[in-house]
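Working notes, structure below.
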Amino acid sequence: MEVRNELRYLLSVGLWERMAADGLLTKEELARAKRLSVERYRPGTVWE
Numbered sequence: 001m002e003v004r005n006e007l008r009y010l011l012s013v014g015l016w017e018r019m020a021a022d023g024l025l026t027k028e029e030l031a032r033a034k035r036l037s038v039e040r041y042r043p044g045t046v047w048e
């Protein structure tokens, strides 16, 4: 279901960004995590 994947994507990216803001991820790790989230969940808004 596309809506479910969209929500999973938003939640995961939000989590990665909070972790980076708290110093738990480097910029490179954040970029990689975001790329992996796109690959895994393929949200429609990323491709439009």
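If you count the sequence shown from 1, position 23 lands on 23 in UniProt numbering, and the numbers rise without skipping.
Idealized CB from N, CA, C, for every residue including glycine.
C-beta atoms of residue i and residue j nearer than 7 Å
i	j	result
L36	A20	no
V3	K34	no
Presumed contact (8 Å Cβ cut-off) between residue i and residue j, rounded CB distance
i	j	result
Y41	R8	5 Å
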